Every structure is written in structure tokens, then in C-alpha cells.
Amino acid sequence: MLGSKVLRRIALVNQKGGVGKTTTAINLAAYLARMGKKVLLVDLDPQMNATSGLGLRPERGVYQVLQGEPLEALVQPVDGFHLLPATPELVGATVELLEKPLALGEALRDEGYDITLLDVPPSLSALTLSALAAAHGVMVPVQAEYYALEGVAGLLTTLDEVRAHLNPGLRLLGILITMYDGRTLLSQQVEAQLRAHFGEKVFWTVVPRNVRLAEAPSFGRTIAQHAPTSPGAHAYRRLAEEVIARVQEG
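With the sequence shown counted from 1, adding 20 to any position gets you the working numbering.
This is the structure we're talking about:
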């Protein structure tokens, strides 16, 4: 097990869709597992992108865990890590989680993993707030595009509200720049802005635009399985190393 429990449970959050959040959740899980960590990925998005992107269509998953069923009976082994899948029933959890926002954290309390990654919907829904209440740390994937800075700033305001009302120990693990194209001035400017404003909170690793990375979910595979020598694979391997270092620092 990792030495520190402070940042052991990590929510990947961005209110904006299409920023590489689920891609990051899947591939970070794969490389953390390859580095010897016991990893759980929880798909909390009713769109089930992490689940389907790993080639699964289960009938039971995280909704049943929220109803009190044992987690170990519902996880699926995938490429060296465990997935707690989403199912269509997860839509029905929204009202319940509004009434019991701490239910997810209680369900995952004794899961026994080194690192648990929570992939949440691209909105500030009850599922997202429940994940933030359950998490120890937050990772914010952000696309290298205009308005990136404003989007991150808005999300950090939300994190302040969550700390005030639900989870005072919640910390920002880091900001991850995705869909980066170093050939364009725009990507370079966005990276410079984010690093100037947020400093060391921005991961040194940037995830490039990469065809192999984009196509891997259509094969139901992680990038480590699909194209392990691709630029996308190299990026997520480096990110996993950074995440382990930051989690161990607490």
C-alpha cells in the first residue's frame, strides 16, 4: 500500500466535456497498475464511457454498491486493475445522492486499494458532488484551448465550496494539460498561461493529441494494450510516475 492515505482516492473532474477526462482515468489506471499499485477505477458517469471504453457492458456495478452490495462482488478485472462499472441505473442515483451526498464515500471507505480513481460526469451533478465529497484529491484535465484558465478557476471555486460544506480535507492533486499540440502557438500559450497562474500544481506531463490514444476505446483497450510505444502511451506512463510521487508526498 502507498504510505500516505491523504490523496489515495482521486476524483477526475471538469465541468466541460471532451477534455480527455475519461481517457485519462482509463490510461492512468493502466499505468499505475503496471507500476505495482493496486488500482480501482470507479465509473460514475451515467454515459458509461469508461466502462464501454474498456469493452464492458455489465448489468451491475456502482449503483448496486451505493445500495449496499459488497464492492468486491461487482468489480471487473481489466488490464491489471479493477473497474467498478457504470450501468444505466446510475441515472437513478442522482436523487438519492442529493439526499445522502456522503453515501459514496461510505461505500468506498474500506475498499483496500492503493489508489482509487473516480471518473465523474462532465457537469456539477449530484454524482460529481458525491465524488468530491468522497475524494482525498482532485485531478483536473484541461484541454489546451482558449478559456482553459477561466474553466479551471471556476472549478477551483467549486472545490472551495465543497471544502466548506462537505469535505474540508479535499486537495488539488494537479492540473493536467491534454490534447496538446506543440506545433501550434495556441497550445504553447495555454500551457504558459496555466503554468504562470497555477505553478507547480500543473503536471509537467502534457498529453498530446494522438490518433492511437483516440482510437483505443473503440477497441475496448487501454493505450498500454493498444499502442504501448505511441506518444500517448509515453505521456500516461510519465503521468503515472508523477501521480505516485505526489500521492506519496501527501
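We treat Cβ as the ideally placed atom computed from N, Cα and C, and that holds for glycine. Model, not experiment: these values are computed from the prediction.
Hey, residue i and residue j are a contact pair by Cβ (cut 8 angstroms); roughly how many whole angstroms apart?
i    : j    : result
L14  : V33  : No information on residue 14 is available, as it lies outside the stretch 21 to 270 that the chain covers here.
G171 : V162 : 6 angstroms
T204 : V227 : T204 to V227, Cβ: 15 angstroms. No contact.
L48  : V231 : Their Cβ separation, rounded to whole angstroms, is 20 angstroms, which puts L48 and V231 out of contact at 8 angstroms.
P105 : G81  : 4 angstroms
A70  : I46  : 6 angstroms
E181 : V210 : That belief does not hold up - the Cβ atoms of E181 and V210 are roughly 26 angstroms apart, past 8 angstroms.
Which residues does DSSP pair with residue i in a beta bridge?
i    : result
P108 : Its beta-bridge partners do not exist; DSSP assigns none.
L138 : A31, V62
Q272 : Nothing in the structure corresponds to residue 272, since the chain is present only between 21 and 270.
What three-state label does DSSP hand residue i in the structure shown?
i    : result
H156 : coil
R257 : helix
A184 : helix
P237 : helix
G194 : strand
P248 : coil
Y200 : strand
V222 : strand
V39  : coil
M55  : coil
A146 : helix
Report buried or exposed for residue i, applying the criterion of at least 16 other Cβ atoms within 10 angstroms of its Cβ.
i    : result
P237 : buried
F223 : buried
R28  : buried
G202 : exposed
R266 : buried
T242 : buried
S145 : buried
G194 : buried
P90  : exposed
G88  : exposed
V115 : exposed
Which whole runs of the beta strand (DSSP E) in the region 66 to 131 are 3 residues long or more, in chain order? Scanning the region 66 to 131 for uninterrupted beta strand (DSSP E) segments of 3 residues or longer gives 96 to 98, 101 to 104, listed from N- to C-terminal end.
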